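A.B. asks: These protein sequence lines are chains C and H, in that order.
So for the first sequence, the numbering used here puts the first residue at 1; every next one is plus one.
So for the second sequence, the numbering used here puts the first residue at 571; every next one is plus one.
For each residue, glycine too, the CB sits at the ideal point set by N, CA and C.
On a predicted model such as this, the values are computed, not experimentally measured, just so you know.
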Amino acid sequence: MSGAAARNAPAGLLQRRWIAWLLAALLIVLSIALAWQREQAQIEDQSRSVSVQASILGSSAAGALAFDDADALTEYVNALKLDRGILAAGIYGDGGPLVAGFSKDGTPLPTGVAVHSPRIQGLQLSVVAPVKQDGLALGRVYLRTAVEPLTERLSRYAAIGVIVLMAALLIVILGASNAAAAEANRQLQEEIDARERAEAALLQSQKMEALGQLIGGVAHDFNNLLMAASSGLELMDRAKEPARRERLKEGVRDALDHGARLTQHLLAFARRAPLQKEVVVIGSRIDKLTQLLDRALREDISVKFDIAEDLWPIEVDLSQFDIALLNIAVNSRDAMPNGGLVRITARNRPGALEGQDAVEIGIADQGDGIGPEAIDKAFEPFFTTKDVGQGTGLGLSQVYGFTRAAGGTVSIAGTPGKGTTVAMLFPRSRFPDAVYRAGTRPNSPAPVLGLRVLLVEDDPTLNDLVSQMLQELGSVVVRANSAAAALDALARTKIDLVLSDMVMPGGMDGLDLARELRKRDGKLPVVLMTGYSAATGLASEEGYGLLRKPFDLDTLTVRLSEAMEAANRG
Amino acid sequence: MAGATVSLALAAALPLASASADPAAPDAQVKAGYLYKLAAFVRWPGPGPELFRICVSGRADIAAALTGLAHDRLAGGHRIAVAQLDRLRAQDAAHCQILFLGGGDGAAEGEMLDAVVGMPVLTVADRDAGASGGVIEFFDRDGKLRLAVDRAAASAHRLELSSKLVDAAVQVKP
Ligand SMILES: Nc1ncnc2c1ncn2[C@@H]1O[C@H](COP(=O)(O)OP(=O)(O)OP(=O)(O)O)[C@@H](O)[C@H]1O
Ligand SMILES: [Mg+2]
Numbered sequence: 001m002s003g004a005a006a007r008n009a010p011a012g013l014l015q016r017r018w019i020a021w022l023l024a025a026l027l028i029v030l031s032i033a034l035a036w037q038r039e040q041a042q043i044e045d046q047s048r049s050v051s052v053q054a055s056i057l058g059s060s061a062a063g064a065l066a067f068d069d070a071d072a073l074t075e076y077v078n079a080l081k082l083d084r085g086i087l088a089a090g091i092y093g094d095g096g097p098l099v100a101g102f103s104k105d106g107t108p109l110p111t112g113v114a115v116h117s118p119r120i121q122g123l124q125l126s127v128v129a130p131v132k133q134d135g136l137a138l139g140r141v142y143l144r145t146a147v148e149p150l151t152e153r154l155s156r157y158a159a160i161g162v163i164v165l166m167a168a169l170l171i172v173i174l175g176a177s178n179a180a181a182a183e184a185n186r187q188l189q190e191e192i193d194a195r196e197r198a199e200a201a202l203l204q205s206q207k208m209e210a211l212g213q214l215i216g217g218v219a220h221d222f223n224n225l226l227m228a229a230s231s232g233l234e235l236m237d238r239a240k241e242p243a244r245r246e247r248l249k250e251g252v253r254d255a256l257d258h259g260a261r262l263t264q265h266l267l268a269f270a271r272r273a274p275l276q277k278e279v280v281v282i283g284s285r286i287d288k289l290t291q292l293l294d295r296a297l298r299e300d301i302s303v304k305f306d307i308a309e310d311l312w313p314i315e316v317d318l319s320q321f322d323i324a325l326l327n328i329a330v331n332s333r334d335a336m337p338n339g340g341l342v343r344i345t346a347r348n349r350p351g352a353l354e355g356q357d358a359v360e361i362g363i364a365d366q367g368d369g370i371g372p373e374a375i376d377k378a379f380e381p382f383f384t385t386k387d388v389g390q391g392t393g394l395g396l397s398q399v400y401g402f403t404r405a406a407g408g409t410v411s412i413a414g415t416p417g418k419g420t421t422v423a424m425l426f427p428r429s430r431f432p433d434a435v436y437r438a439g440t441r442p443n444s445p446a447p448v449l450g451l452r453v454l455l456v457e458d459d460p461t462l463n464d465l466v467s468q469m470l471q472e473l474g475s476v477v478v479r480a481n482s483a484a485a486a487l488d489a490l491a492r493t494k495i496d497l498v499l500s501d502m503v504m505p506g507g508m509d510g511l512d513l514a515r516e517l518r519k520r521d522g523k524l525p526v527v528l529m530t531g532y533s534a535a536t537g538l539a540s541e542e543g544y545g546l547l548r549k550p551f552d553l554d555t556l557t558v559r560l561s562e563a564m565e566a567a568n569r570g
Numbered sequence: 571m572a573g574a575t576v577s578l579a580l581a582a583a584l585p586l587a588s589a590s591a592d593p594a595a596p597d598a599q600v601k602a603g604y605l606y607k608l609a610a611f612v613r614w615p616g617p618g619p620e621l622f623r624i625c626v627s628g629r630a631d632i633a634a635a636l637t638g639l640a641h642d643r644l645a646g647g648h649r650i651a652v653a654q655l656d657r658l659r660a661q662d663a664a665h666c667q668i669l670f671l672g673g674g675d676g677a678a679e680g681e682m683l684d685a686v687v688g689m690p691v692l693t694v695a696d697r698d699a700g701a702s703g704g705v706i707e708f709f710d711r712d713g714k715l716r717l718a719v720d721r722a723a724a725s726a727h728r729l730e731l732s733s734k735l736v737d738a739a740v741q742v743k744p
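1) Quick one, which residues of the region 125-156 of chain C are near chain H if we go by CB-CB under 9 angstroms, in chain order?
2) Could you name the residues of chain C that H/Ala724 contacts, counting a contact when the two beta carbons are closer than 7 angstroms?
3) If you reduce the DSSP assignment to three classes, tell me which class C/Glu278 lands in.
4) Do C/Gly251 and C/Gly232 come within 8 angstroms of each other at the CB atom, strictly closer than that value?
5) Suppose the cutoff is 6 angstroms on Cβ atoms and the five residues either side in sequence are ignored; what does the same chain contact list for H/Arg716 look like?
6) Looking at chain C, is there any beta carbon in it that lies within less than 8 angstroms of the beta carbon of H/Ala738?
7) Check each residue of the region 608-619 of chain H: if its Cβ is closer than 7 angstroms to any Cβ of chain C, include it; give the result in chain order.
8) Is any heavy atom of ligand 3 found at a distance shorter than 7 angstroms from the C-beta of C/Phe321?
9) Using CA atoms only, rank isn't needed, just tell me which of C/Gly537, C/Thr530, C/Gly543, C/Leu547 is closest to C/Leu524.
10) Between the C-alpha atoms of H/Val687 and C/Asp83, what's the straight-line distance to the nearest angstrom?
11) For C/Gly63, would you say it is in contact with chain H, using Cβ-to-Cβ distances shorter than 8 angstroms as the test?
12) Cβ of C/Ala66 less than 8 angstroms from any chain H Cβ?
13) Which residues in the same chain have their Cβ closer than 7 angstroms to the Cβ of H/Trp614, if we skip the five residues on either side of it in sequence?
14) Express the C-alpha separation of C/Pro118 and C/Asp105 in angstroms, rounding to a whole number.
15) Please report the straight-line C-alpha distance between H/Glu620 and H/Ala651, rounded to a whole angstrom.
16) Is C/Asp68 helix, strand or coil when you go by DSSP?
17) Whole alpha helix (DSSP H) runs in the region 379-420 of chain C with 4 or more residues, listed along the chain?
18) Is the Cβ-Cβ distance between C/Asn348 and C/Leu311 less than 8 angstroms?
19) Can you tell me the Cα-Cα spacing of C/Leu490 and C/Asp287, whole angstroms?
20) Does the distance between the C-beta of C/Phe383 and the nearest non-hydrogen atom of ligand 1 fall short of 7 angstroms?
21) Rounded to the nearest angstrom, what separates H/Gln661 and C/Leu109 at their Cα positions?
22) If you measure from the beta carbon of C/Asp83 to each beta carbon in chain H, is any gap under 8 angstroms?
23) Give a yes or no on whether the minimum CB-CB distance between C/Asp588 and chain H is below 8 angstroms.
24) Can you check whether the C-beta of H/Leu639 is within less than 8 angstroms of a C-beta belonging to chain C?
25) Indicate whether at least one CB of chain H lies closer than 8 angstroms to the CB of C/Val105.
26) Which class does C/Pro350 belong to by DSSP, given the choice of helix, strand or coil?
27) Return the Cβ separation of H/Ala738 and C/Asp94 in integer angstroms, given the expectation that the two are a contact with Cβ distance under 8 angstroms.
28) On the DSSP bridge assignment, give the partners of C/Gln121 in chain order.
29) Starting from H/Lys714, find everything on chain C with Cβ-Cβ shorter than 8 angstroms and list it in chain order.
30) Relative to ligand 1, is the shortest distance from any of its heavy atoms to the C-beta of C/Lys386 smaller than 7 angstroms?
31) Would you mind telling me which residues of chain C sit closer than 8 angstroms to H/Leu717, beta carbon to beta carbon, in chain order?
32) Taking the runs of the beta strand (DSSP E) that are 3 residues or longer, which of them lie wholly in the region 534-565 of chain C?
33) Measure the Cβ-Cβ separation of C/Gln366 and C/Gly408 and say whether it is below 8 angstroms.
34) Which same chain residues, not among the five before or five after C/Ala364, have their C-beta less than 6 angstroms away from its C-beta?
35) Have a look at C/Thr384 and C/Ala176 and give me their C-alpha separation to the nearest angstrom.
36) Relative to the alpha-carbon of C/Glu457, which residue among C/Leu57, C/Val399, C/Gly510, C/Ala358 has its alpha-carbon at the smallest distance?
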């Protein structure tokens, strides 16, 4: 398209130049035509006046000619000498002889003349008129006048000619400058086009890069799930107890469920997920949301809820709502590398959505803030200011799509250095009676819920599996794949409980880690997982909680609760 | 052709002897030409006759020259007939449009003038030949034939003279 425009431009240019020249030429031709016409009219005028002069002379000379009064005739003729324009005049008798006349320019008068209408010869106009009285031919009158010389006529037209030429010149110059401007315009347009193409190409490559990351991430997640599922199946093969087999089966199902959820989230990105709207009062979901955010945010980031009483119900797809909140909160986390507070508010906003009642949910942080340019583009898919591998630019895009699908709006505001606020507005539901008060899992034992658990497991499949189980219980999981990594995490993060594998490669195994931790902080509960009995005795002797692999969710819950209680008792 | 026939018919009535006896005087051509041209400078009352008659008294040579001039020509849209008058036919003068008095027979010409009093007849008298009493009179000056005009006489004959004729005249009697 821009190529076609570029191809068209020179043609338009030519055309414009051509028109300017044409106009100029037209003007000149027109003025020449007018001048010529005037010239013709002038000559006609002169011819007529010469004819009239001749017939006046003829008529006044008639008497003298008839009765042979040569003196009178000479007088008549000589009267014409005073007229500067008349070069020669003659009166001829009926038979043809010249009776009287004169010639100023030396050209002798013709000896005999035949009657003729005015005619031009060179720069002279001559006429021969009959002299008649009452139908009786008495003789002829001859007159010769000078046509105005060309130079004189030209000088008369010179002033007009100069003006016409100037006008023509002006047209041409205007046309040329117009063309030049068009040319400059075209070049500018070309530059803009080129820049736009470059930008589009860049955007495209960014999109591809982001897409690659997304796919990579999804593939990785799926891989973990598949590994968890296959290892579960493997364990099921070895397990003999039906109850254990059942529990392993559940673990596999969980993994598959998680995969399904992942797919749903992907579909949500692609805006193809079937919406499952529920009528909900957000205030009732604080616990669930706390859990969700704790898991996703770092420990140096605290979340504070500020939910108004008597909040109106709204209609949203809850899983999408969770993802949206998560996406916003994760952005806040990323904007606060040194930690800070994320404040989540919810309040009624009467008439805020095009006159309709709405509920506003705001997420404010104390992070780096956001500039006007990023504000303009923040909701665009694939817009990110983060480093490659850090962000895909799809987070706020999901938020945007979700709020629109819910009939609401979303906006982002902020000042660089002063934090950012994202505000979602949802229309108030028309079905207050159908409110579904979404809560947390009712059967989760209280001590485990919201617990910050440091999971130390070298086997990534198991690490994933156990991590999933912990999350199912409502714990916040901090994962490490070695004792050293665990100590690292402990230095950075507040941990309520350590759940570690017993046998691990490297200098330090699970028991070593437990001993080290007891040395540092005697109160931190530690539960050790082991698949093999030899080491179990030592561990229990030293008073560590023990979890035999494989284990199910219930066993896990019980062991963790015991360890917490023991630690609390002191 | 018709004019020629008439003039021949009229000529037959003329006394041929006097016409052929006098040799043509040198002024005859000029005077005949003047007489012929005069018609164009005078307007006669009424629709005018079918034949335009120019009557000549006393000068057969002028009558002959006129006949030659008027041959196949018109005057005021009418055919021209030339007639010579003498005493016997003095009464006929009333039928002429132009009456030229050549000054030959004074008594006869007096009768002719009497016959045309108040009639629309342009009387032309050759002054040098002793004739007089015409609306227009011919006379010689410096070898050229000149005109004298009597405007009162013209009115008496109910004739209108062209101003050009008056301009061309050397003497004008109001
Ligand atoms: N709380 C915030 N503080 C500062 N900037 C923000 C905040 N939220 C979003 N932004 C800006 O908006 C951009 C787009 O955010 P979005 O969540 O869509 O993508 P992302 O966070 O970069 O990547 P992704 O969420 O896909 O991992 C961010 O890169 C960032 O520049
Ligand atoms: Mg994001």
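C.D. replies: Walking through what the data contain:
1) Lys132, Gln133, Asp134, Gly135, Leu136, Leu138
2) Under the 7 angstroms cutoff, chain C gives no residues; its nearest Cβ is about 15 angstroms from H/Ala724.
3) strand
4) yes
5) Phe709, Val740
6) yes
7) Ala610, Phe611
8) Absent from the structure shown: ligand 3. Ligands present: ligand 1 and ligand 2.
9) C/Gly543
10) 49 angstroms
11) yes
12) yes
13) Gln667, Pro690, Leu729
14) 19 angstroms
15) 10 angstroms
16) coil
17) 395-405
18) yes
19) 25 angstroms
20) yes
21) 52 angstroms
22) no
23) Residue 588 of chain C is absent from the structure shown; chain C starts at 1 and stops at 570.
24) no
25) Sequence inspection shows Asp at residue 105 of chain C; the Val mentioned does not correspond to that position. No, C/Asp105 does not count as interfacial toward chain H.
26) strand
27) Contact doesn't hold; Cβ gap of about 15 angstroms is too wide.
28) C/Gln124
29) Asp68
30) yes
31) Phe67
32) 545-548
33) no
34) Arg343, Thr421
35) 47 angstroms
36) C/Gly510
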